[in-house]
């Protein structure tokens, strides 16, 4: 009986050894097959036979705007590899092509949290970009990210586009966002676009950090601050940055009412600003007037949000008188005084003489007395040769005015929309 047990155990052990040997052999065969497939791909691949300039252009055109470079932390959902990494795993020829294209490695979207050792992957990625301008976005929980943030700021002189997204709600974490990620940024001489995004009223931001980033980027052209409110510690920056190249400053998208904290305007001078989207949540009409008077910008587009408090419509009109270059003007949620004051001012041809497009959202009949419709008609008739489009969105029914009078202006070539979001009373 004991001999039979011993023999069976020996046989099982022998079979296990043979199974392990076959597994190793199978693994080697699969690897050899993979290498042979790569060689076959290289022989048959039409891209590999193209001139390097053409194959490089094909690879670049396949790129998304910001490929996500991320090794997810343990316990988090695995994300797909970014395209440049995938290109390295097709065949030897494609690997050679991908590594020879620095522009393939210039755009990165870093999503926190990342796995330990991610900074080595990031270093390798950035080395492959060589000295090309970089576009970097980092998002998620920004706390305790000094290792990764330090690498990003080390390449600050190459940054052309930077997006910082603190748009992850953390109920247990600190609400004050560290935009620097625990590291200290240096000069950003090539930076052209800066975007900072957050969650309205869910997080707090250091205004001194935003101003410091702008001061480090003297050549920035566009700054987008979306979902960022409230902003504190603005007064900690004693210097008032004069950004002579900033053309666009948006405290929210132009397609909806801006809501971000716009108190930063009190600490800025922007002499070349062409587009401004301002929420008026925190900065007052007086402060806006001071900013415009201080900067004297050649502003062409202005978007004004709903704000928190009733606006001083007369003071806002005075702000507009500082902007003779304005061609596009959009207002969200005006107060009851705004429309009559604006319509009366528009009758004067010296007021906003270059205005081409006027949009007012969320009006009600209470906002526009019956007499003001006649004032608007006179203003539009006087500007029929220059004013191209007028859109007045109402929350209630048709206005007490003959729409045929406005249709005559439409027949003359002016685009006029007076109605709800769904119905234009001009053509109804």
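In the UniProt record's numbering, the protein residues as written are 1 to 428. The beta-carbon is built from N, C-alpha and C at its ideal position, and this holds for glycine as well.
| Is there contact here, the region 141 to 158 with the region 192 to 199, by at least three beta-carbon pairs under 8 Å? | The region 141 to 158 is not in contact with the region 192 to 199.
| field | Nearest-angstrom Cβ-Cβ length linking residue 262 and residue 284, presumed shorter than 8 Å | value | Taking the Cβ atoms as the reference, residue 262 lies roughly 10 Å from residue 284, outside the contact range of under 8 Å.
| task | Let me know the secondary structure DSSP gives residue 325 once reduced to three states. | result | Residue state, collapsed to three classes: coil.
| task | Pull up the distance between the alpha-carbon of residue 19 and that of residue 98, whole angstroms please. | result | Approximately 40 Å between the Cα atoms of the pair.
| task | Hey, could you find the ends of the beta strand (DSSP E) residue 137 is sitting in? | result | That run of the beta strand (DSSP E) goes 134 to 139.
| Where residue 319 sits in the DSSP three-state scheme | Correct three-state label for residue 319: helix.
| Excluding the five sequence neighbours on either side, which residues of its own chain have a C-beta within less than 7 Å of the C-beta of residue 68, listed in chain order? | Low confidence applies to residue 68: its pLDDT is 47, below 50, so where it sits in the model is not reliable enough to give any reading.
| request: Would you check if the region 296 to 306 and the region 316 to 327 touch, i.e. whether three or more CB-CB distances between them fall below 8 Å? | output: Contact holds: three or more Cβ-Cβ distances are below 8 Å.
| field | 4 or more residues per run - each alpha helix (DSSP H) lying fully within the region 174 to 226 | value | Runs of the alpha helix (DSSP H) lying entirely within the region 174 to 226 and spanning at least 4 residues, in chain order: 207 to 216.
| task | Between the Cα of residue 427 and those of 414, 407 and 250, spot the shortest distance and give me the residue it belongs to. | result | The shortest C-alpha separation from residue 427 is found at 407.
| request: Starting from residue 107, trace the beta strand (DSSP E) both ways and give me its first and last residue. | output: That run of the beta strand (DSSP E) goes 107 to 111.
| said: Between 40, 10 and 266, which has its C-alpha nearest residue 286's C-alpha? | reply: Minimum Cα distance to residue 286 is reached at 266.
| task | Check each candidate in 163, 239 and 183 and name the one with the smallest Cα separation from residue 220. | result | Of 163, 239 and 183, the residue nearest in Cα terms is 163.
| query | Taking buried to mean at least 16 other C-beta atoms within 10 Å of its own C-beta, is residue 62 buried or exposed? | reply | A residue is called buried once 16 or more other Cβ atoms fall within 10 Å of its Cβ, and residue 62, having fewer, is exposed.
| said: Whole angstroms are fine: how far does the CA of residue 239 sit from the CA of residue 72? | reply: Reliability fails at residue 72, whose pLDDT of 43 lies under 50, so the model's placement of it is uncertain and the value that follows must be treated cautiously. Computed Cα separation, rounded: 40 Å.
| task | Pull up the CB-CB distance for residue 338 and residue 257, whole angstroms please, since I reckon it's below 8 Å. | result | The C-beta distance from residue 338 to residue 257 rounds to 14 Å, too long to fall under 8 Å, and the pair is not in contact.
| Between the C-alpha atoms of residue 490 and residue 126, what's the straight-line distance to the nearest angstrom? | Since the first and last residues shown for the chain are 1 and 428, residue 490 lies out of range.
| CB of residue 449 within 8 Å of CB of residue 425, strictly | Here the chain covers residues 1 to 428 and nothing more, so residue 449 does not appear.
| message | Can you look up residue 126 in the DSSP assignment and give me helix, strand or coil? | response | In the structure shown, residue 126 sits in a helix (DSSP, three-state: H, G or I).
| Where residue 39 falls, given that 16 or more other Cβ within 10 Å makes a residue buried | Its Cβ having fewer than 16 others within 10 Å, residue 39 is exposed.
| residue 393 and residue 346: beta carbons closer than 8 Å? | Taking C-beta atoms as the reference points, residue 393 and residue 346 fail to come closer than 8 Å.
| request: Please confirm whether any heavy atom of the ligand GTP lies closer than 7 Å to the CB of residue 322. | output: Absent from the structure shown: the ligand GTP. Ligands present: none.
| request: On the DSSP bridge assignment, give the partners of residue 165 in chain order. | output: In the DSSP output, where bridge partners are listed per residue, residue 165 has 139 and 197.
| task | Jot down the residue ranges of each uninterrupted beta strand (DSSP E) in the region 375 to 407, minimum 3 residues, whole runs only, in chain order. | result | Every unbroken stretch of the beta strand (DSSP E) spanning 3 or more residues and falling wholly within the region 375 to 407 is given here in chain order: 389 to 394.
| In or out: residue 74 buried (at least 16 other Cβ within 10 Å) or exposed? | Annotation note: pLDDT 40 at residue 74 (below 50); position unreliable, no value reported.
| Simplified DSSP assignment, three categories, for residue 40 | Helix, per DSSP.
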